Amino acid sequence: MSISGLEALFSPRRVAIFDVTDEEGTRGAEIFKHLVWQGFRGAVYPINPRQESVFGIETYPDLLSIPRPVDLAVITADPPSWLAQLEECRKKGVPAVMILGPDYKERTKEAAKLSFEIKSFVERTGIRLLGPNTLGFIRPAWRLNLSLFPGRIPSGNLAFLSDSATLAAAVLDWIESKNVGLSFFVSLGEKLDVDLADLIDFLALDPNTRAIVVYLEEIKSGRKFMSAARAFARLKPLMVVKAGGWTPKGEGLLEELALEARVYKAAFKRAGIVQVKEVSELFYVAESLSKQPRPKGPRLAIVTNAGGPAKIAKDVLRELRGELASFSEETRQELFELLKRPAQNPLDLLSDASPGLYREALRLVLKDVQVDGVLVIFSPVLHASPEDVAWAVVRAQKEFPKKPVLASFMGEGRVKNAQLVLARERIPYFMTPVEAVKSFFYMYRYDH
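Quick look at the structure:
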């Protein structure tokens, strides 16, 4: 089916939710609260035959009692109710349905039979289905939180797709704490209908999505996935972290490949997909992509008040086959006048560097045409205020907004307020320079 019908699923104007009660912690109550209390501007219809209202809003005894058309119905009950509620959706003419958890394969003895019946139903009716066993989805720009995640995710240009509901919850918690903006979040669940390839095709047409990051556990249809990924990667960056080894499930291109990881890496490279080894790296690159422009080249400058961490960053950059920027003659001369000594990259401002010195040095480095991005390293030594140094970084970056600036403010308690400043002002910060260098490298690889 590809993207047919996905507009109703992900851009609904009228949403009906089955089995909404006042009982805190139930799936129906939680998703209803997240949708209504986070400001969804469309109509919401809670269904409960045993209560006249929930949370002060009138309920309906069943789906057919709702007087208006419904774009999306959300099923929150346990598996025994699913087929009957899907049939209600068919009678009502609902074009899209989402089935939230639980993990019915673990709880239902006849899971295979139920899966077959659901797949047959959607193929027969043309209804688009997300799930089952999905955490839901979030579209922040629409104030549309149809998920079991209670937080508020800011709007941005990065889409996050996940095969794992539990891992997705952890990622969303991290994303919220780091103020990372998303265009979409989708937990795919069991993919009985809507799959990863469908979502990639759909997001390729979304002007607010500039890149996609994917946590991938399995590939059910290799040919379909690779076709969608290749088409998307021609236009926008696509990054994947694959869990559990490279074992495809299905026909086509991937099935014909040997199972060695290097073969899959080659296939992904040909498709233009950027692979990331660790889930943690996925987090960090997601933050960097959502907050900073992508570098136009590989040349990284390092500005630091600590020589040791800068050497580590330099070594990691070399291991990744990145490039340490060479300052222009003009920049070298200006830095000499500022520091009263010869300057090279990494640029060590020494342990007593003031916020003012950080700002002036960063301005000179950022304006250098031979520099594509800057990593700022700060170690809380002597008397410099970490928060003031953070503001110095912010002000310098605002003068040169077309180049990415990443920061590693090392430590815990003393740099906490500085990290809050950086997060609020959309400067990605990292606990170690290693994470920052890897993020810059993957940001560059997106376009190259």
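If you want my numbering, it's the position in the sequence shown, counting the first as 1, plus 1319.
Glycine residues also receive a C-beta, built at the ideal position from the N, C-alpha and C atoms.
It should be emphasised that the depicted structure is a prediction, and the values quoted were computed from it without experimental measurement.
query, result
"For Ala-1562, which residues in the same chain have their Cβ closer than 6 Å to its Cβ, ignoring the five residues on either side in sequence?", "Glu-1536"
"If you draw a straight line from the alpha carbon of Leu-1354 to that of Ser-1384, how long is it in whole angstroms?", "21 Å"
"Pull up the DSSP beta-bridge partners for Glu-1377, would you.", "Ser-1372"
"Name the DSSP beta bridge partners of Asp-1667, please?", "Thr-1623"
"In this structure, how does DSSP classify Asn-1464 when only helix, strand and coil are distinguished?", "strand"
"DSSP three-state label for Leu-1557, please.", "strand"
"I'd like to confirm the pairing. Which residues does DSSP put opposite Glu-1642 in its beta bridges?", "Arg-1618"
"Let me check one thing: in DSSP terms, what residues is Ile-1472 bridge-paired to?", "Ile-1472 is not bridged to any residue."
"Out of Ser-1607, Val-1635 and Tyr-1761, state which residue places its alpha-carbon closest to the alpha-carbon of Ala-1726.", "Ser-1607"
"Do Val-1560 and Leu-1518 have their C-beta atoms within less than 7 Å of each other?", "no"
"Suppose you measure from the CA of Met-1545 to the CA of Glu-1706; what does that come to, to the nearest Å?", "46 Å"
"In whole angstroms, give me the CA-to-CA distance for Trp-1461 and Pro-1665.", "43 Å"
"The alpha helix (DSSP H) spanning Arg-1542 covers which residue range?", "1541-1552"
"Could you give the first and the last residue of the continuous alpha helix (DSSP H) run that contains Asn-1736?", "1735-1743"
"Which residues in the same chain have their Cβ closer than 7 Å to the Cβ of Leu-1522, if we skip the five residues on either side of it in sequence?", "Ala-1478, Phe-1503, Thr-1528 and Ile-1531"
"Considering only their Cβ atoms, is the gap separating Leu-1391 from Val-1441 smaller than 7 Å?", "no"
"Compare the C-alpha of Arg-1640 against each of Arg-1542, Phe-1759 and Asn-1624 and name the closest.", "Phe-1759"
"Please state the DSSP three-state secondary structure of Phe-1359.", "coil"
"Return the chain-ordered list of same chain residues with a C-beta closer than 6 Å to the C-beta of Leu-1405, the five sequence neighbours on each side being excluded.", "Phe-1440"
"Using the C-alpha atoms, what's the distance from Leu-1658 back to Phe-1728?", "22 Å"
"Mapping the DSSP letters down to three states, classify Val-1724 as helix, strand or coil.", "strand"
"Look at the alpha carbon of Pro-1273 and the alpha carbon of Ala-1662, and state the distance between them as a whole number of angstroms.", "A question about residue 1273 goes unanswered here, because the residues of the chain that appear run from 1320 up to 1767."
"Give me, in chain order, the residues of the same chain whose beta-carbon lies closer than 6 Å to that of Arg-1346; leave out the 5 immediate sequence neighbours on both sides.", "Thr-1395 and Leu-1419"
"For Ala-1687, count neighbouring C-beta atoms within 10 Å of its own C-beta (all shown protein chains included) and say buried if the count is 16 or more, exposed if not.", "Per the sequence presented here, residue 1687 reads as Asp, with Ala not at that position. Burial call: buried."
"Leu-1668 to Ile-1696, Cα distance in whole Å?", "10 Å"
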